[in-house]
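Residue numbers (our numbering): 8 to 313.
In structure tokens form, the structure reads like this:
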């Protein structure tokens with residue numbers, strides 16, 4: 008996008024079919040912005056690794072197990088409308104309408120659409136790109152702001168609807184749904200966990216580190232590339248490896264996991280773990296300080312007096 012911007016800078020606006028090619032920045036100013044961007048890349052804490060991050064996440068097989076990096080689920084009507092809807096609408100306007108769009112806006116929408124097909128985390132970016140194109144539609148640019156007898160009734164109805172909706176404080180976690188945060192269970196962990204590490208889901212761990220609770224892995228995927236941590240997390244969560252060596256290696260003393268999942272069932276059947284807290288969407292396991300076998304040995308060595 009920046010390279011295309013530089014190539015077109017300094018030239019007068021012209022039209023190529025239905026696309027408008029304009030120069031929002033003079034050539035010297037655009038060159039200065041590009042140079043400043045390159046220099047900023049070198050002085051940021053990550054250095055050139057910042058530019059390599061996109062290529063790493065695009066080629067990492069480990070991310071295929073993380074929801075936000077998966078391709079959109081087009082079985083969902085909502086997801087289909089969010090991803091395909093903007094592109095289909097712009098194509099319809101180009102074919103049957105008369106509106107003209109900025110070439111860079113079209114390129115931006117196409118690029119973000121391809122990125123969204125690769126990973127659903129880019130859906131909001133595609134929506135922003137679509138807004139730039141939609142702003143050029145005549146129905147959105149031309150309006151009548153004169154008041155009429157319907158102005159106040161409509162305004163009152165809209166205001167009533169907005170005020171009647173729930174307004175949770177910023178940062179308030181959800182307590183239901185597929186991406187819900189186990190608020191009650193996390194508060195319990197906050198009161199009982201010390202420096203020991205908690206093994207929990209990828210979606211929940213970001214909330215746990217917000218509370219200051221040590222976790223095994225969290226959403227900062229760039230920190231874990233090349234370390235094998237993500238691979239170990241996936242192997243444990245899917246039970247393709249024995250969790251105990253991993254838990255012992257990383258001092259995992261607590262596990263918070265969805266109930267009726269393979270890992271939860273495994274821990275329920277293990278003598279090394281016990282359930283200490285349970286809610287509708289999360290079960291907390293604590294590692295036993297002594298196993299059942301050790302208790303039997305101690306009981307044999309130190310029998311209780313009759």
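Glycine residues also receive a C-beta, built at the ideal position from the N, C-alpha and C atoms. These numbers come from a predicted model, not from an experiment.
Query - N-terminal and C-terminal residue of the beta strand (DSSP E) that residue 255 is part of - result: It is not in any beta strand (DSSP E) - residue 255 instead sits in the alpha helix (DSSP H) that spans 250-256.
Requested in this report: Just mark residue 141 as buried or exposed, buried being the case when its beta carbon has 16 or more other beta carbons within 10 Å.
Outcome: The residue in question, residue 141, is buried, as its Cβ has 16 or more Cβ neighbours within 10 Å.
Query raised in the report: By how many angstroms is the C-alpha of residue 240 removed from the C-alpha of residue 268?
Result: Each residue's Cα considered, the two are about 15 Å apart.
Report task. Output the distance between the C-alpha atoms of residue 80 and residue 125, rounded to the nearest integer angstrom. Result -> Take the alpha-carbon of residue 80 and the one of residue 125: they are about 11 Å apart.
Query raised in the report: Does DSSP put residue 56 in a helix, in a strand, or in coil?
Result: Residue 56: helix per DSSP, three-state reduction.
**Report entry** Meets three-Cβ-pair contact criterion under 8 Å: the region 249-263 and the region 196-209
**Finding:** Yes: the two stretches touch, three or more of their Cβ pairs being nearer than 8 Å.
Query raised in the report: Using a Cβ-Cβ cut-off of 7 Å (strictly less than) and excluding sequence neighbours within five positions of residue 120, which residues of its own chain qualify?
Result: 94, 133.
Query raised in the report: Out of curiosity, what's the CA-to-CA distance linking residue 257 and residue 58?
Result: If you take the alpha carbons of residue 257 and residue 58, they lie about 31 Å apart.
**Report entry** Within 8 Å, strictly: CB atoms of residue 205 and residue 222
**Finding:** Yes; because the gap between Cβ atoms is below 8 Å, this pair is in contact.
**Report entry** Residue span of the beta strand (DSSP E) that contains residue 263, given as start and end
**Finding:** Run containing residue 263: 259-264, per the beta strand (DSSP E) assignment.
Query raised in the report: If you check the beta carbons only, do residue 139 and residue 112 fall under 8 Å apart?
Result: In this structure, residue 139 sits near residue 112, with a CB-CB distance shorter than 8 Å.
Query - Contacting residues, own chain, Cβ-Cβ under 6 Å from residue 283 (five flanking each side not counted) - result: Excluding positions up to five away in sequence, the list reads 291, 293.
Report task. For residue 323, collect the residues of the same chain with a Cβ closer than 6 Å to its Cβ; drop the 5 residues on either side in sequence, then sort them by chain order. Result -> The shown model of the chain, from 8 to 313, leaves out residue 323, and the question about it has no answer.
Query raised in the report: Is it buried or exposed for residue 194, if we count other Cβ within 10 angstroms and need 16 for buried?
Result: Residue environment analysis places residue 194 among the exposed positions, since fewer than 16 neighbouring C-beta atoms fall within 10 angstroms of its C-beta.
Report task. Give a single yes or no on whether residue 85 has its beta carbon closer than 7 Å to a heavy atom of the ligand FAD. Result -> As far as ligands go, the structure on display features none, and thus does not contain the ligand FAD.
Requested in this report: Alpha carbon to alpha carbon, how far is residue 97 from residue 103? Give it in angstroms, no decimals.
Outcome: Approximately 10 Å, taken between the alpha carbons.
Requested in this report: With a threshold of 16 other CB atoms inside 10 Å of the CB of residue 136, please say whether the residue is buried or exposed.
Outcome: The residue in question, residue 136, is buried, as its Cβ has 16 or more Cβ neighbours within 10 Å.
Query raised in the report: Residues in its own chain within less than 6 Å of residue 27 by CB, not counting five upstream and five downstream?
Result: For residue 27, where only same-chain residues beyond five positions count, the Cβ hits under 6 Å are 107, 109.
Requested in this report: From the DSSP output, read off the bridge partner residues of residue 291.
Outcome: In DSSP, residue 291 forms a bridge with 263, 284.
Query raised in the report: Helix, strand or coil: which one does DSSP assign to residue 236?
Result: Under the three-state reduction of DSSP, residue 236 is assigned to helix.
Query raised in the report: Three-state secondary structure (DSSP) at residue 204?
Result: DSSP places residue 204 in strand when its eight states are reduced to three.
Query raised in the report: Assuming residue 270 contacts residue 246 under a Cβ cut-off of 8 Å, what Cβ separation, rounded to an integer in Å, is found between them?
Result: Confirmed, Cβ separation roughly 6 Å.
Report task. Assign residue 159 to buried or exposed, taking buried as 16 or more other Cβ atoms, counted over all protein chains shown, within 10 Å of its Cβ. Result -> With fewer than 16 other beta carbons inside 10 angstroms of its own, residue 159 counts as exposed.
Query - Beta-carbon proximity check, residue 189 vs residue 51, cutoff 8 Å - result: No, the Cβ-Cβ distance between residue 189 and residue 51 is not below 8 Å.
Query raised in the report: Between the C-alpha atoms of residue 224 and residue 116, what's the straight-line distance to the nearest angstrom?
Result: The straight-line gap separating the alpha-carbon atoms of residue 224 and residue 116 is approximately 33 Å.
Requested in this report: Determine the burial state of residue 33: buried for a count of at least 16 other Cβ atoms within 10 Å of its Cβ, exposed for fewer.
Outcome: Exposed, since its Cβ has fewer than 16 Cβ neighbours within 10 Å.
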